[in-house]
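Note that our numbering has the sequence shown beginning at 357, numbered continuously upward. For glycine and all other residues, C-beta sits at the position ideal for the given N, C-alpha and C. The structure appears below as structure tokens.
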Amino acid sequence: MKIYTAEEMRRHEQMAVDKGTTFEQLMENAGQAAGRDLLQRQPQAGRMLVVCGKGNNGGDGLVMARLLQAQAWRMDIVFVLGDKLSPLAELNLGRLNGLGGIEIIVWDSAAQRLQQGYDVVVEGIFGTGFSGALPQNIAAVCRTLNASDGLKIALDIPTGLDCDTGAADKDAFRSDITYTFAAYKPAHLSDTGKALCGEVVCLDIGIE
């Protein structure tokens, strides 16, 4: 079992890029691997909400959305940290242009639709870079997500959980499945992390 801190993960990502891959390809690998695992679990197309931050954690969710759209899933995508995205997230958002069954919505609409229910909720807000306390608006988002029905999925680590220490905000996202990439993170193995992460699935994305 490989266990990497956030800094070790960044170092191994850079090592993979130095050997010839790209950060774009690593994101594609992550989103594709998560999407494929979900399709094995839920082969029948359904409705999904993808909750994105502005960084590469959200970018992973956008790749996942593209894969599932091709399998007839319908999905809503919401950006909860503003629309100024990282370059790779912006790139993968652009790849969704013109695809049917995908709607970009605002959080108020997402909160209303959550009451009607989604089959799957994917959370990709902060990822491994989070520490400290959640901003009030994101704490409110997590509370709403936690109260909703449907299978809840976190990408890499649930938002509100510190990747390295296992410390968690009281409103941290509570996932049924956490897809982590390349290696487990220390928080996945902590008591708090085990309570928040649900089943942790470590996916190979081409990083040693």
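Looking at the backbone, the Cα of ILE359 and that of LEU444 are separated by about 25 Å. Sorting LEU394, ARG499, VAL373 by C-alpha distance to the C-alpha of TRP429 places LEU394 at the top. For MET357, the secondary structure class from DSSP, reduced to helix, strand or coil, is coil. Taking C-alpha positions only, GLN471 is separated from MET404 by approximately 13 Å. Taking a C-beta distance under 8 Å as the contact criterion, GLY488 and GLY411 do not qualify as a contact pair.
Judged by their CB atoms, VAL436 and VAL497 are nearer to each other than the 8 Å cut-off.
With a contact defined as Cβ atoms closer than 8 Å, ILE563 and HIS368 qualify at about 5 Å. Here the alpha carbons of GLY387 and LEU418 stand approximately 7 Å from one another. If you keep only unbroken beta strand (DSSP E) runs of at least 3 residues inside the region 437-468, you get 458-461.
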